[in-house]
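Reading through the C-alpha cells given below for one structure.
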Amino acid sequence: MNDHLMEQLLSAYDPAAGTIAGRPRVERRLSELAPCFADQAAGREVLRHADPLVYAVSTFAPADGAGDLHYGLAQVMPGRVGREYFMTKGHFHAWREAAEFYFTLSGEGLMLLEGETGGRAQAVPMRPREAVYVPGRTAHRTVNVGPEPLTFLGVYPARAGYDYGAIAARNFRHVIVARDGGPAMIPREEY
Ligand code: S6P
Ligand code: ZN
C-alpha cells in the first residue's frame, strides 16, 4: 500500500452537519437546480426572495485505482418547489455498469431510480439505518420528503464518474410530489 493511502484510511464524518472532516463540501442552490423542477414559475417565485440551499455533498476519495472506492456524504434540505420536493440533480455513472450503495443516516427520503430508456421507474424509501442498492445503468436522484434534512452516505467505485448530461437533456420522466399530505411518484407530464 502506498504512503499516501496509508494516511487516509480513516475519515471522520459529522452526520448532523453533513460534513467529512478536512474534505471539500459542494453546495447546490436553487438557482443552479431550477431547470430540474417541473414547476418553473414556482421556482422563479422562490428565487425572487431567496436562493435556498437545496443540498450539499462532501466526498472522500482516498485512491483512484480500478478496485478502489469513494464515498460521499450528502444532505438534502427540507423544502419544495411548487408540489415537488427538494432533491439532487441526479446522474448516471459515466462508467454505466457502476452500482452504488446508499445508507441513510437521518431524515426521510425517496430514491428515484430510472433505467436508461426511462421506461420502468421506482421510488425506493430511504429511512435511517436502511440501505438502498442502486444497480448499474440506473439514473438516481435523492428526494427529501420529510421535515428534517435527509442525510446519507453513497459508496461507489472510484471509477464510476458522473454523467449529468444524459439526465439533464431529458430530465427524469417521473417527479415526486406532495399529494394528499404524502409523497407520490407521478409521470412528469401529469404534474
Ligand atoms: C455519487 C453519489 C452521491 C451524489 C450526491 C449528490 O455517485 O450518487 O454522492 O453525488 O447524492 O447528487 P448529484 O446527483 O448532485 O451528484
Ligand atoms: Zn451515483
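When we follow our numbering, the leftmost residue of the sequence shown carries the number 1, and every step to the right adds one. Backbone N, C-alpha and C fix where the C-beta goes; we use that ideal spot for every residue, glycine too. Quick caveat: nothing in here was measured; it's all calculated off a predicted structure.
Near ligand 1: residue i beta-carbon under 7 Å from a heavy atom
i: Tyr156; result: yes
i: Gly136; result: no
i: His91; result: yes
i: Glu100; result: yes
i: Val57; result: yes
i: Thr19; result: no
i: Thr88; result: yes
Among the options, the one whose alpha carbon lies nearest that of residue i
i: Asp68; options: Met111, Ala98 and Glu130; result: Ala98
i: His93; options: Gly107, Ala166 and Ala42; result: Ala166
i: Lys89; options: Glu108, Glu114 and Leu33; result: Leu33
i: Gly109; options: Glu7, Val124 and Pro157; result: Val124
i: Gly146; options: Leu53, Gly154 and Gly107; result: Gly107
i: Phe101; options: Arg129, Arg80 and Arg83; result: Arg129
i: Leu30; options: Tyr191, Ala131 and Val54; result: Val54
i: Val46; options: Gly115, Arg80, Pro183 and Tyr133; result: Arg80
i: Gly136; options: Trp95, His174 and Ala158; result: Trp95
i: Met6; options: Ala61, Thr19 and Gly154; result: Ala61
i: Leu150; options: Ala178, Phe103, Ala160 and Glu84; result: Phe103
i: Gly22; options: Gly65, Thr59, Gly182 and Gly115; result: Thr59
Residue i - partner residues in DSSP beta bridges
i: Ser58; result: Arg25 and Leu73
i: Gln122; result: Leu113
i: Asn144; result: Gly109
i: Pro183; result: Ala178
i: Tyr156; result: His70
Assigned secondary structure, residue i (DSSP; H/G/I helix, E/B strand, else coil)
i: His4; result: helix
i: Leu150; result: strand
i: Ala131; result: strand
i: Val81; result: strand
i: Glu100; result: strand
i: His91; result: strand
i: Glu114; result: strand
i: Pro15; result: coil
i: Pro35; result: helix
i: Ala50; result: coil
i: Ala42; result: helix
Classification of residue i by the beta-carbon crowding that lies within 10 angstroms, buried from 16 upward
i: Thr117; result: exposed
i: Tyr71; result: buried
i: Leu112; result: buried
i: Arg141; result: buried
i: Tyr156; result: buried
i: Pro187; result: exposed
i: Arg28; result: buried
Distance cut-off 7 Å: residue i Cβ against heavy atoms of ligand 2
i: Ala160; result: yes
i: His199; result: This structure gives no information on residue 199, because the portion of the chain shown stretches from 1 to 191.
i: Glu116; result: no
Any C-beta of chain C under 8 Å from that of residue i
i: Arg129; result: In the structure shown, chain C does not exist; there is a single protein chain.
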